[in-house]
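Asker: Mapping to my numbering: the sequence shown position 17 is 355, numbers consecutive. We put the beta carbon where it would ideally sit given N, CA and C, even for glycine.
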Amino acid sequence: MTGVDARTDAQEERRNRLRELVTSRGFVRTAELAAEFGVSVMTIHRDLDALQAQGWLRKVRGGASCLPSTQFHGSTRERLTTMAQTKQLLARAAAEELAPGQVVMIDDSTTCLNLVRHLADHTPVTAISNSLPAISALAHEPGVALVALGGTYFPAYDAFMGAHTAQSVQAFRADVLFMSTTAVTGGRCYHMSPETVQVKQAMMAAASRRVLIIDHTKFANQGLYALAPLTDFDLVLVDDAAPAAEVRRLRDNGVHVRTVTGAAGPPRSHGAT
């Protein structure tokens, strides 16, 4: 093993341990990490920058935290439990857009993961996704022809991301794309990862119809990288707790917004443009 290989292995091992520490402790201090691992504070900063870019944590003053915030989406496990009932209601409403024989593209969001279980009711269908949980759920589903988008695996997102995944998308054409977003600000979608934006933009270009599924918390979130204006979507599904003024502004700008209501029982969809 060369010196470079040894340093790379040591870096990977240290970053894996850093992930475990911030997850178990909730908050870690930069200076204490430097002392614990016997490296410089600058090295720890570089490690935390890399882990933040992958979505594992968020850097804060003096250290790093695993707690979600308006700037940090949280881990896949946390996102699965956040707004879970609302996401299920939105997914049921989105399933109304499905039809047998379609080629359906599904992004890596936990919101759209709820839609996966509805595909079996609309077979035959071809499903295309970069989400590992979606791929696993559909792998043995009768009537579903599955296309798994490869690329670099991002554990924090439990999905394949980046340039190679975006290139894989370009080989296909979907009848409909279902996707979500981290944040909606000023009528535009935002994400915290450039690799996420790269793949989702490719998905949007590859779909004849685009459906965005968002719960009301997306309007309070923030993101660093712009994805697309909501006017680029054919339909936006949102729960009825979304800010009324924001929904009205979107509709005034020509966005087809459908609000979904019903905390118990089947959701009722009310469309307006």
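Using only CA atoms, which one of Thr503, Ala494, Ile552 and Gly525 lies nearest to Ser518?
Answerer: In the sequence shown, residue 518 corresponds to position 180, counting from 1. Looking at the Cα atoms, Ile552 is the closest of the given residues.
Asker: Please go through the same chain and pick out, in chain order, the residues whose beta-carbon is closer than 6 Å to the beta-carbon of Val441, but skip the five residues on each side of it.
Answerer: The sequence position of residue 441 within the sequence shown is 103, counting from 1. Thr464, Ala512 and Asp513.
Asker: Give the list of continuous alpha helix (DSSP H) stretches no shorter than 4 residues that lie fully inside the segment 351–413.
Answerer: Whole alpha helix (DSSP H) segments, 4+ residues: 368–375 and 379–391.
Asker: From which residue to which residue does the alpha helix (DSSP H) around Pro532 run?
Answerer: Looking up residue 532 in the sequence shown gives position 194. It spans Pro532 to Ala543 - the alpha helix (DSSP H) in which Pro532 sits, taken as one unbroken run.
Asker: Just to confirm, is the Cβ distance from Ala433 to Leu451 under 8 Å?
Answerer: Stepping through the sequence shown from its first residue, residue 433 is reached at position 95. Stepping through the sequence shown from its first residue, residue 451 is reached at position 113. No, these two residues do not count as a Cβ contact at 8 Å.
Asker: What does the alpha-carbon distance come out to for the pair Val535 and Thr448?
Answerer: What you label residue 535 is simply residue 197 of the sequence shown in a count that begins at 1. What you label residue 448 is simply residue 110 of the sequence shown in a count that begins at 1. If I take the Cα positions, the gap works out to 16 Å.
Asker: Look up Ala564 in the DSSP assignment and say whether it is helix, strand or coil.
Answerer: In the sequence shown, the residue the question calls residue 564 occupies position 226. Correct three-state label for Ala564: strand.
Asker: Using the Cα positions of Gly525 and Ala582, report the straight-line distance between them to the nearest angstrom.
Answerer: The count along the sequence shown starts at 1 and reaches residue 525 at position 187. The count along the sequence shown starts at 1 and reaches residue 582 at position 244. Using only the alpha carbons, I get a separation of about 14 Å.
Asker: With DSSP run on the structure shown, which of helix, strand or coil describes Val507?
Answerer: As a first step, residue 507 is located in the sequence shown; it is residue number 169 there, counting from the start. Looking at Val507 - three-state DSSP - the assignment turns out to be helix.
Asker: Any idea what DSSP makes of Arg586, helix, strand or coil?
Answerer: Within the sequence shown, numbered from 1, the residue matching residue 586 stands at position 248. Looking at Arg586 - three-state DSSP - the assignment turns out to be helix.
Asker: My output table needs one value for Arg547: the three-state DSSP class, helix, strand or coil.
Answerer: Working through the sequence shown from its first residue, we reach residue 547 at position 209. Looking at Arg547 - three-state DSSP - the assignment turns out to be strand.
Asker: My guess is that Asp385 and Leu356 are in contact by the Cβ rule of under 8 Å, so how many angstroms apart are they, rounded?
Answerer: Within the sequence shown, residue 385 is the residue found at index 47, counting from 1. Within the sequence shown, residue 356 is the residue found at index 18, counting from 1. That belief holds up - the Cβ atoms of Asp385 and Leu356 are roughly 6 Å apart, short of 8 Å.
Asker: DSSP three-state call for Arg455: helix, strand or coil?
Answerer: Position 117 of the sequence shown holds residue 455. Residue state, collapsed to three classes: coil.
Asker: Would you identify the three-state DSSP class for Phe571, choosing helix, strand or coil?
Answerer: Residue 571 sits at position 233 when you count from the first residue of the sequence shown. Three-state DSSP puts Phe571 in coil, outside helix and strand.
Asker: Looking only at its own chain, which residues have a Cβ that is under 8 Å from the Cβ of Thr569, when we skip the five neighbours before and after it?
Answerer: Numbered from 1 along the sequence shown, position 231 holds the residue referred to as residue 569. Excluding positions up to five away in sequence, the list reads Gly525, Asn591, Gly592 and Val593.
Asker: I'd like the ranges of any alpha helix (DSSP H) spanning at least 4 consecutive residues and lying wholly in the segment 436–492.
Answerer: Here the runs fully enclosed are 448–454 and 470–476.
Asker: Secondary structure at Phe516, three-state DSSP: helix, strand or coil?
Answerer: Along the sequence shown, one-based indexing puts residue 516 at 178. In the structure shown, Phe516 sits in a strand (DSSP, three-state: E or B).
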